[in-house]
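Its first residue numbered 1, the sequence shown is counted upward by one per residue in the UniProt record's numbering.
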Amino acid sequence: MKLDYTQALKRVPDAQGVWLLHGAEPLLEQNLLQILRQDWQSKNIERQRFDLQSAQDWKQIFSALNSLSLFSSQLAIEVHGNLKPDAQGLKQLKSFIQNPQGNLLVVVFPKQESQSLKSAFFQSIEANGILVSLNAYGRQEQQRILMQEADKIEIRLDDDAWQWLLYHHENNLLAARNSLLNVADSCADSQHITSKDLQLALQDQSRYSTFDLGDACLKGDFMLAHKILNFLLQSGEAPTLIFWVLQKEMRLLLQLFEQPQNALQIGIWKNKIPVYQQALRRLTPQLLLQWPTLMLRTDCAIKGIGNQKVEDLFLQLIYSLCGATIPLQYA
Numbered sequence: 001m002k003l004d005y006t007q008a009l010k011r012v013p014d015a016q017g018v019w020l021l022h023g024a025e026p027l028l029e030q031n032l033l034q035i036l037r038q039d040w041q042s043k044n045i046e047r048q049r050f051d052l053q054s055a056q057d058w059k060q061i062f063s064a065l066n067s068l069s070l071f072s073s074q075l076a077i078e079v080h081g082n083l084k085p086d087a088q089g090l091k092q093l094k095s096f097i098q099n100p101q102g103n104l105l106v107v108v109f110p111k112q113e114s115q116s117l118k119s120a121f122f123q124s125i126e127a128n129g130i131l132v133s134l135n136a137y138g139r140q141e142q143q144r145i146l147m148q149e150a151d152k153i154e155i156r157l158d159d160d161a162w163q164w165l166l167y168h169h170e171n172n173l174l175a176a177r178n179s180l181l182n183v184a185d186s187c188a189d190s191q192h193i194t195s196k197d198l199q200l201a202l203q204d205q206s207r208y209s210t211f212d213l214g215d216a217c218l219k220g221d222f223m224l225a226h227k228i229l230n231f232l233l234q235s236g237e238a239p240t241l242i243f244w245v246l247q248k249e250m251r252l253l254l255q256l257f258e259q260p261q262n263a264l265q266i267g268i269w270k271n272k273i274p275v276y277q278q279a280l281r282r283l284t285p286q287l288l289l290q291w292p293t294l295m296l297r298t299d300c301a302i303k304g305i306g307n308q309k310v311e312d313l314f315l316q317l318i319y320s321l322c323g324a325t326i327p328l329q330y331a
């Protein structure tokens, strides 16, 4: 069964079997996982997490699902990564789906292309489990989700403020939510927020933003991108937000490379299409092929997997996005 974010929220109390979450919206992923975890905690359901580093890790996952601890009657396992199980693992997955015994397997993948969703792995889950798309298409849906976030912190935005927020963050719901938190702190005595309140709150927040970093990379200005990256790291910006912007630009460029005539359809704003096209002319197909592996390594480093430094991998990302040669000490 396919569900969107809102539909999935309603089914959390009855969740069992296999759920697979995929999409390009970290905020939706965070929210849904948080609500699932709260539900498990309220029901005293044991929770375990696995981070996929190889297809062989699926053996450990299914082994854990078949061996509850002495103190648990139900188990919820979170699996994070982007590696599908092999033939044996797929067989075990189908067996578990048929008889979950009240247990839940939640698989968290990045956004999947339509061709990938046609594989036996995804088709099995769609037919017998829950496939959740974590995307928010169009401004109306994005505003509806962000209004729920605003309700949580008890603030109200006027129409101009909503337009400014959505335009400024260009589909990044997580950054937009963080801006709502910032303006709530800055305007603690006021529940009614204007676009001027938002602009002042963000101007006070920092000299550079993660969006400035993305823009510098798209323009191929490595010196500026490096300067902004250092500023963000020194000012305590969350690595997940820095990575979100960098991988967003990489994924858009990869999609534009494959679909040069569909810039608007893949989510590039009309006034920014020339910037992306110019960036592509600066990049080689060989360099683009390295990006999925580089993004995966960075994601693992942020989660504490492996021994590479997140800062070094961020440098590799901005070197690559700018089309510059990566120095040996960071390669």
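Glycine residues also receive a C-beta, built at the ideal position from the N, C-alpha and C atoms.
Residue i, enclosing beta strand (DSSP E) - first and last residue
{"i": "residue 332", "result": "Because the chain in this structure spans residues 1 to 331, residue 332 falls outside the shown range and cannot be described."}
{"i": "Lys2", "result": "Lys2 to Asp4"}
Bridge partners - residue i, DSSP secondary structure assignment
{"i": "Phe109", "result": "His22"}
{"i": "Gly17", "result": "Leu104"}
{"i": "Ile193", "result": "Leu157"}
Reference residue i, options the options, closest by Cα
{"i": "Ile77", "options": "Arg177, Arg49 and Ala55", "result": "Arg49"}
{"i": "Gln60", "options": "Lys272, Lys219, Asp215 and Gln88", "result": "Gln88"}
{"i": "Lys309", "options": "Asn262, Leu233 and Ala225", "result": "Leu233"}
{"i": "Asn128", "options": "Lys94, Tyr167 and Arg37", "result": "Lys94"}
{"i": "Val183", "options": "Leu166, Tyr167, Asn172 and Leu157", "result": "Leu157"}
{"i": "Gln53", "options": "Ala324, Arg297, Gly323 and Ser320", "result": "Arg297"}
{"i": "Leu317", "options": "Phe222, Ala136 and Glu46", "result": "Phe222"}
{"i": "His80", "options": "Leu33, Leu65 and Gln123", "result": "Leu33"}
{"i": "Asp4", "options": "Ser190, Arg282 and Ser133", "result": "Ser133"}
{"i": "Leu65", "options": "Gln286, Lys43 and Gln92", "result": "Gln92"}
{"i": "His168", "options": "Gln143, Ile153 and Gly323", "result": "Gln143"}
{"i": "Gln140", "options": "Glu126, Ile125, Leu131 and Asp159", "result": "Asp159"}
{"i": "Lys227", "options": "Gln191, Glu311 and Asn307", "result": "Glu311"}
{"i": "Ile130", "options": "Val108, Asn172 and Tyr137", "result": "Val108"}
{"i": "Leu252", "options": "Ile35, Lys111, Ser124 and Ser73", "result": "Lys111"}
{"i": "Arg282", "options": "Lys219, Ile125, Lys118 and Pro239", "result": "Lys219"}
{"i": "Trp40", "options": "Leu181, Gln115 and Gly102", "result": "Gly102"}
Reduced DSSP category for residue i - H, G, I as helix; E, B as strand; rest coil
{"i": "Lys118", "result": "helix"}
{"i": "Lys76", "result": "Residue identity check: residue 76 is Ala in the sequence provided, not Lys. Residue state, collapsed to three classes: strand."}
{"i": "Ser133", "result": "strand"}
{"i": "Leu157", "result": "strand"}
{"i": "Ile268", "result": "coil"}
{"i": "Leu228", "result": "Per the sequence shown, residue 228 should be read as Ile rather than Leu. Correct three-state label for Ile228: helix."}
{"i": "residue 343", "result": "Since the first and last residues shown for the chain are 1 and 331, residue 343 lies out of range."}
{"i": "Glu126", "result": "helix"}
{"i": "Leu165", "result": "helix"}
{"i": "Ile305", "result": "coil"}
{"i": "residue 334", "result": "One cannot answer for residue 334 here, as it falls past the ends of the chain, which runs 1 to 331."}
{"i": "Arg11", "result": "helix"}
{"i": "Ser54", "result": "coil"}
{"i": "Leu83", "result": "coil"}
{"i": "Lys248", "result": "helix"}
{"i": "Asp221", "result": "coil"}
{"i": "Leu32", "result": "helix"}
Sequence-distant residues of its chain with Cβ nearer than 6 Å to residue i (five each side left out)
{"i": "Trp58", "result": "Pro85 and Gly89"}
{"i": "Tyr276", "result": "Leu256 and Ile268"}
{"i": "Leu83", "result": "Leu52 and Ala55"}
{"i": "Gln38", "result": "none"}
{"i": "Trp162", "result": "Gln143"}
{"i": "Leu104", "result": "Ala15, Gln16 and Ala76"}
{"i": "Ile155", "result": "Ala184, Gln191 and Ile193"}
{"i": "Lys273", "result": "The sequence given here places Ile at residue 273; Lys does not occur at that position. The residues are Ala263."}
Boundaries (first-last residue) of the alpha helix (DSSP H) holding residue i
{"i": "Glu237", "result": "Counting along the chain, Glu237 falls outside any alpha helix (DSSP H), and DSSP gives it neither H nor E."}
{"i": "residue 345", "result": "Examination of residue 345 is not possible in this model, given that the chain is present from 1 through 331 alone."}
{"i": "Gln92", "result": "Ala87 to Gln98"}
{"i": "Cys300", "result": "Pro285 to Ile302"}
{"i": "Arg214", "result": "Reading the sequence as shown, one finds Gly at residue 214 and not Arg. Segment Thr210 to Leu218, the alpha helix (DSSP H) holding Gly214."}
{"i": "Pro274", "result": "Ile273 to Arg282"}
{"i": "Cys322", "result": "Val310 to Cys322"}
{"i": "Glu141", "result": "Gly138 to Lys152"}
{"i": "Ala175", "result": "Leu173 to Ser186"}
Close-in-space but distant-in-sequence residues of the same chain around residue i (CB under 7 Å, 5 per side omitted)
{"i": "Arg177", "result": "Leu27, Leu146 and Glu149"}
{"i": "Val245", "result": "Thr210, Phe211, Leu213 and Gly214"}
{"i": "Met250", "result": "Trp291, Met295 and Leu321"}
{"i": "His22", "result": "Phe109, Pro110, Lys111, Gln112, Ser133 and Leu134"}
{"i": "Leu198", "result": "Ala161, Trp164, Leu165, Ser179 and Val183"}
Nonlocal neighbours in the same chain, by C-beta distance under 8 Å from residue i, ignoring five residues either side
{"i": "Ile242", "result": "Thr210, Leu213, Leu229, Leu232, Leu233 and Phe314"}
{"i": "Leu224", "result": "Ala216"}
{"i": "Leu328", "result": "Bear in mind that the predicted position of Leu328 carries a pLDDT of just 47, short of 50, making it too unreliable to give a figure here."}
{"i": "Trp99", "result": "Note that residue 99 is Asn in the sequence shown here, rather than Trp. There are no such residues."}
Contact test: residue i Cβ vs the ligand NAD heavy atom, cutoff 6 Å
{"i": "Leu3", "result": "Among the ligands in the structure shown, none appear at all, so the ligand NAD cannot be discussed."}
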